[in-house]
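Reviewing the structure listed below.
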Amino acid sequence: MKILTFSTLYPNAVKQHHGIFTETALKKVMETGTIETVVVAPVPWFPFKHKMFGDYAGFAKVPKEEMRMGVRVLHPRYFLPPKMGMHVAPFLMALASRPAIARLMDEGFDFDVIDAHYFYPDGVAATLLGRYFNKPVVISALGTDINLIPKFYLPRKMILWAGKNAAAVVTVCEALKTELKKIGLAREDIMPLRNGVDLELFQPVDRLVTRSELGISGFTLLSVGYLVARKGHHRAIAALQLMPDVTLAIAGGGPDEYKLKKLAMDLGVQNRVKFLGVLSQKELCRYYGACDALVLASSREGWANVLLESMACGTPVVASNIWGTPEVITSPEAGVLMPSNTPAGIAQAVAHLRSNYPLHTTTRAYAERFSWSDTTAKKVGIYSRVRQQSASV
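So, in structure tokens, the structure goes:
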């Protein structure tokens, strides 16, 4: 089958870790040997590459086309006007992507299905493109696209339109399926299809050796994610006041870095907070294995991949009890759900984990239940069913 993968959440030469979970899921599908794909990953148009323009300059530096892991990736540019951009993004994204997709078809890549990752604006744009090219569309809901964006009236209307017209709708957890129904998507065939974890990449390390190499001592928490408020790093920093013998390492980059460093200074815990910056997955694996627990204090998540990554390295987790997270943490060997998503709740959950700390081998064994094989097989099955239904129309 030929699949056109469509998503703004996809890594590129400038942002190597942006949407890496989409690339990982696609890699697993490709390994079945049944799928041929080209990725269309639109980026906002911006005219200047100078670093003074920050993230916007990064958009300008993204190549128009590249190869990643043997997969051809196209990056058409779409105009995203200030203020009103959120409401017109699906239309501008679809309009900008049309010529690139038409060229693909002229070159012989006459795809069977458009597979869109992220409901808005990506899934809406993909549905518009599906109508234009007369191709069925599969849309995957990942998190913020359903637990935040539908709060806005026009995006919610467009999400519902796309959901009703898609050939199939997938969510990464049951909680997002429930929310889609709550906002008005009345279809019974929404399929929860959780992400897996790459058990070959994320493996336990020699903890004593790795801790020594990384300069880690004492009970150490690891917080991983983009440095923005919804990821909850500020709550993890504040919790250190209640845990005087605990150290925190923060992996990630983002706009709140200065604010978080200032918070640590203001609270007097700066000597127990280490900012690691953006890490490669290989280096992240070492920190997962060397630290004593991952802390995820997010206010919104779909299916947080970092939870399973940490567990696969043998390290239990402490996480906020939101959205799909309770579907990931279902037993003590996995970790602990916070009683409240507050500094006090984090401290209480960490204390509970320390008094009932699981064996690293049992945490790894728990993660092994979440391999990609079942998810991948079901996703390929969806493609096949959608293609057959489209051919019979």
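Residue numbers (my numbering): 4 to 396. Ideal placement from N, C-alpha and C gives every residue a C-beta, glycine not left out. Everything numeric in this text was worked out from a predicted model, so none of it was measured.
Applying the criterion that 16 or more other CB atoms from any shown protein chain within 10 Å of the CB defines a buried residue, is residue 148 buried or exposed? Taking the first residue of the sequence shown as 1, we reach residue 148 at position 145. Here residue 148 is buried, its C-beta having at least 16 other C-beta atoms within 10 Å.
Beta-carbon spacing of residue 122, residue 308 below 8 Å: In the sequence shown, residue 122 corresponds to position 119, counting from 1. In the sequence shown, residue 308 corresponds to position 305, counting from 1. Not closer than 8 Å, so no.
In this structure, how does DSSP classify residue 143 when only helix, strand and coil are distinguished? Sequence index remark: in the sequence shown, residue 143 carries index 140 (1-based). Strand at residue 143.
Quick check on the DSSP output: what are the complete alpha helix (DSSP H) runs of length 4 or more inside the segment 129-197, in order along the chain? Fully enclosed alpha helix (DSSP H) runs of 4 or longer: 147-150, 156-168, 177-185.
Rounded to whole angstroms, what's the CA-CA distance from residue 43 to residue 73? Just pull it up for me. Start at 1 with the first residue of the sequence shown, and residue 43 comes out as number 40. Start at 1 with the first residue of the sequence shown, and residue 73 comes out as number 70. Those two C-alpha atoms are separated by around 14 Å.
Pairwise C-alpha distance: residue 20 and residue 235: As a working note, residue 235 is residue 232 in the sequence shown. As a working note, residue 20 is residue 17 in the sequence shown. If you take the alpha carbons of residue 235 and residue 20, they lie about 20 Å apart.
Give the secondary structure of residue 70 by DSSP, where H, G and I count as helix, E and B as strand, and everything else as coil. Within the sequence shown, numbered from 1, the residue matching residue 70 stands at position 67. In the three-state reduction of the DSSP assignment, residue 70 falls in the strand class, which pools E and B.
Proximity below 8 Å, CB of residue 304 to CB of residue 291: Start at 1 with the first residue of the sequence shown, and residue 304 comes out as number 301. Start at 1 with the first residue of the sequence shown, and residue 291 comes out as number 288. No, the Cβ-Cβ distance between residue 304 and residue 291 is not below 8 Å.
Are the CB atoms of residue 132 and residue 162 nearer to each other than 8 Å? Here residue 132 refers to the residue found at position 129 of the sequence shown. Here residue 162 refers to the residue found at position 159 of the sequence shown. Contact: no.
Contact between the segment 163-172 and the segment 195-214: three or more CB pairs below 8 Å? Output reads no: the segment 195-214 does not touch the segment 163-172.
Sorted by chain position, which residues of the same chain lie with C-beta nearer than 8 Å to residue 287's C-beta, five sequence neighbours on each side aside? Here residue 287 refers to the residue found at position 284 of the sequence shown. If you ignore the 5 residues before and after residue 287, its C-beta comes within less than 8 Å of the C-beta of 227, 254, 312, all in its own chain and listed in chain order.
State the Cα-Cα distance for the pair residue 208 and residue 151, rounded to the nearest angstrom. Stepping through the sequence shown from its first residue, residue 208 is reached at position 205. Stepping through the sequence shown from its first residue, residue 151 is reached at position 148. Roughly 37 Å between the two C-alpha positions.
Please check the pair residue 52 and residue 64, which I expect to be a contact at CB under 8 Å, by giving their CB distance rounded to whole angstroms. Within the sequence shown, numbered from 1, the residue matching residue 52 stands at position 49. Within the sequence shown, numbered from 1, the residue matching residue 64 stands at position 61. Rounded, the Cβ-Cβ distance is 5 Å, consistent with contact.
Cβ pair residue 3, residue 251 closer than 8 Å: The chain is shown from 4 up to 396; residue 3 falls before or after that span and cannot be answered.
Within 8 Å, strictly: CB atoms of residue 100 and residue 45: Reading the sequence shown from its first residue, position 97 is the one you call residue 100. Reading the sequence shown from its first residue, position 42 is the one you call residue 45. Inclusion of residue 100 and residue 45 in the CB contact set at 8 Å is warranted, their separation being smaller than that value.
For a test of the three-state rule: what should DSSP assign to residue 340, helix, strand or coil? Within the sequence shown, numbered from 1, the residue matching residue 340 stands at position 337. Residue state for residue 340 is assigned as strand, using DSSP reduced to three classes.
Starting from residue 381, trace the alpha helix (DSSP H) both ways and give me its first and last residue. For the purposes of this step, residue 381 is taken as the residue at position 378 of the sequence shown. Taken as a continuous stretch (DSSP letters only), the alpha helix (DSSP H) holding residue 381 covers 376-395.
Does DSSP put residue 117 in a helix, in a strand, or in coil? Against the sequence shown, residue 117 aligns to sequence position 114. Reduced to three states, the DSSP call for residue 117 is strand.
Taking residue 373 as the reference, give the member of 337, 345, 357 with the closest Cα. Here the question's residue 373 lines up with position 370 in the sequence shown. It is 337.
My output table needs one value for residue 223: the three-state DSSP class, helix, strand or coil. As a first step, residue 223 is located in the sequence shown; it is residue number 220 there, counting from the start. In this structure, residue 223 counts as strand in the three-state DSSP scheme.
Measuring CA to CA, which of 130, 184, 325, 212 is closest to residue 289? Counted from its first residue, the sequence shown places residue 289 at position 286. When 130, 184, 325, 212 are compared, the shortest CA-CA separation from residue 289 is found for 212.
What runs of the beta strand (DSSP E), each 3 residues or longer, lie entirely inside the segment 4-62? Secondary structure remark: continuous beta strand (DSSP E) runs of at least 3 residues inside the segment 4-62, in chain order: 5-9, 39-43.
As a quick exercise: from 206, 298, 218, pick the residue whose alpha carbon is nearest that of residue 240. For the purposes of this step, residue 240 is taken as the residue at position 237 of the sequence shown. Answer by Cα proximity: 298.
Skipping 5 residues on each side, what residues in its chain have a beta carbon closer than 6 Å to that of residue 158? Walking along the sequence shown from the start, residue 158 turns up at place 155. Excluding residues within five positions, the ones whose Cβ falls inside 6 Å are 123, 152.
So, with DSSP's three-state summary, where would you put residue 75? Sequence index remark: in the sequence shown, residue 75 carries index 72 (1-based). Residue 75 falls in the strand class under three-state DSSP.
How is the alpha helix (DSSP H) around residue 315 delimited, first residue to last? On the sequence shown, position 312 is the one that residue 315 refers to. Its alpha helix (DSSP H) spans residues 308-315.
As assigned by DSSP and simplified to three states, the class of residue 303: For the purposes of this step, residue 303 is taken as the residue at position 300 of the sequence shown. Annotated three-state conformation of residue 303 is coil, per DSSP.
My output table needs one value for residue 280: the three-state DSSP class, helix, strand or coil. Within the sequence shown, numbered from 1, the residue matching residue 280 stands at position 277. Residue 280: strand per DSSP, three-state reduction.
Using a Cβ-Cβ cutoff of less than 8 Å, which residues in the same chain neighbour residue 369 once the five nearest sequence positions on both sides are dropped? As a working mapping, residue 369 is identified with position 366 in the sequence shown. Hits under 8 Å: 314, 334, 336, 337.
Could you check where the beta strand (DSSP E) with residue 249 kicks off and where it finishes? Working through the sequence shown from its first residue, we reach residue 249 at position 246. Boundaries of the beta strand (DSSP E) harbouring residue 249: 249-254, taken from the DSSP string.
Identify the residues that DSSP records as bridge partners of residue 2: which are they? The structure shown has nothing for residue 2, since the chain only spans 4 to 396.
Nearest-angstrom beta carbon gap, residue 114 and residue 6 [assumed within contact, 8 Å]: The residue you call residue 6 lines up with position 3 of the sequence shown. The residue you call residue 114 lines up with position 111 of the sequence shown. Confirmed, about 6 Å.
Going by other Cβ atoms of all chains shown within 10 Å of its Cβ, with 16 needed for buried, is residue 38 buried or exposed? As a position in the sequence shown, residue 38 is number 35, starting the count at 1. The C-beta of residue 38 has 16 or more other C-beta atoms within 10 Å across all chains shown, which makes the residue buried.
Quick one: is residue 192 buried, meaning 16 or more other Cβ sit within 10 Å of its Cβ, or exposed? By one-based count along the sequence shown, residue 192 stands at place 189. It counts as exposed.
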